[in-house]
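Note sheet for the following structure.
Encoded structure:
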């Protein structure tokens with residue numbers, strides 16, 4: 504096992520170790536907060552996607568009924584545009600919205616990937632710093 508060396512150099516290493524560990528903990532907390540925020544945004548985006556889809560369908564239905572029908576002479580609704588054309592326009596609008604939302608999801612996933620990579624780099628950096636500290640301790644022990 505490791506032996507703690509007492510002296511002025513040992514306390515400096517301990518202080519540096521404490522500072523590095525505190526920095527690591529702060530970065531881990533920041534990362535967890537960012538991941539929670541990203542997950543919350545992802546859930547919110549899914550809810551908004553569903554809401555937008557419902558609103559678009561309702562809006563398209565209202566627009567479709569206004570655009571695709573006109574009042575006949577006797578007050579009845581008469582189709583002025585073929586039902587297939589109305590369905591095609593609403594389908595294309597939904598496809599465009601779906602594509603836009605998919606692009607948004609891709610960007611969010613890319614941000615999450617960046618956060619994960621930063622986490623890995625931060626953990627590797629902390630491991631290197633701890634290894635350097637341990638190496639310095641062993642070097643001091645062998646010098647004495």
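Numbering (this note's numbering), first residue to last: 504 to 647. Yeah, the Cβ is synthetic: ideal placement off N, Cα and C, and Gly gets one too.
Looking from the CA of residue 627, the closest CA among 519, 517, 523 and 518 belongs to 523. In this structure, the alpha-carbon of residue 629 lies about 20 angstroms from that of residue 642. Between residue 624 and residue 541, the gap from beta carbon to beta carbon reaches 9 angstroms or more. Linking residue 636 to residue 608 through their CA atoms gives a straight-line distance of about 42 angstroms.
Here the alpha carbon of residue 537 sits roughly 27 angstroms from the alpha carbon of residue 600. When rounded, the separation of the alpha-carbon atoms in residue 545 and residue 610 is 11 angstroms. Separation of residue 543 and residue 526 (C-alpha to C-alpha, rounded to the nearest whole angstrom) is 26 angstroms.
A straight-line Cα-Cα distance of about 22 angstroms links residue 605 and residue 620. Inter-residue distance for residue 602 and residue 612 is about 15 angstroms (C-alpha atoms, whole angstroms). Put simply, the backbone Cα of residue 622 is about 7 angstroms away from that of residue 534. Residue 552 and residue 618 have their C-alpha atoms spaced approximately 24 angstroms apart.
Going by beta carbons, residue 597 and residue 556 fall inside the 9 angstroms limit.
Going by beta carbons, residue 520 and residue 633 fall inside the 9 angstroms limit.
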